[in-house]
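Per this note's numbering, the sequence shown starts with residue 2, numbered consecutively. Here a beta-carbon is modelled for each residue, glycine too, at the ideal position from N, C-alpha and C. A quick note: this is a predicted structure, and the numbers were derived from the prediction, not measured.
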Amino acid sequence: VSDEERGKVDALLVLGVFCSTGRGGVPVDLIEAHKWFNLAALSGCTRGQQCRAEIAIEMTAREIAEAQRQARSWLGSHQRFAA
Numbered sequence: 002v003s004d005e006e007r008g009k010v011d012a013l014l015v016l017g018v019f020c021s022t023g024r025g026g027v028p029v030d031l032i033e034a035h036k037w038f039n040l041a042a043l044s045g046c047t048r049g050q051q052c053r054a055e056i057a058i059e060m061t062a063r064e065i066a067e068a069q070r071q072a073r074s075w076l077g078s079h080q081r082f083a084a
């Protein structure tokens, strides 16, 4: 994995942490956090997989489905980001 790719995955994780914890003044949004963790996980990031699983416990099936839909949509509009 290149440093550039690692940096992109790290950025996804940071976004997920901010959204899941409210760090940096960002409102807590578990759907948004799940989306970012899911995108990191799809890049092979074990930490992204762990974080996604941790917050999924606090989410409804409908919220998880929405987060997955948003992740697919984001990937569709950011093809160069996909692994």
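Pair within 8 Å by beta-carbon distance, residue i and residue j
{"i": "residue 39", "j": "residue 24", "result": "no"}
{"i": "residue 57", "j": "residue 65", "result": "yes"}
{"i": "residue 41", "j": "residue 21", "result": "no"}
For residue i, the first and last residue of its enclosing alpha helix (DSSP H)
{"i": "residue 52", "result": "47 to 57"}
{"i": "residue 61", "result": "Neither: residue 61 is in no alpha helix (DSSP H) and is coded neither H nor E."}
Backbone CA spacing between residue i and residue j [nearest angstrom]
{"i": "residue 74", "j": "residue 47", "result": "22 Å"}
{"i": "residue 69", "j": "residue 60", "result": "12 Å"}
{"i": "residue 84", "j": "residue 19", "result": "Residue confidence is low: residue 84 scores 48 on pLDDT, short of 50, so the model does not pin down where it sits. No coordinate-derived value is stated."}
{"i": "residue 67", "j": "residue 13", "result": "18 Å"}
{"i": "residue 78", "j": "residue 9", "result": "16 Å"}
Pick from the options that is closest to residue i, judged by C-alpha positions
{"i": "residue 32", "options": "62, 77 and 79", "result": "62"}
{"i": "residue 36", "options": "11, 9, 3 and 16", "result": "16"}
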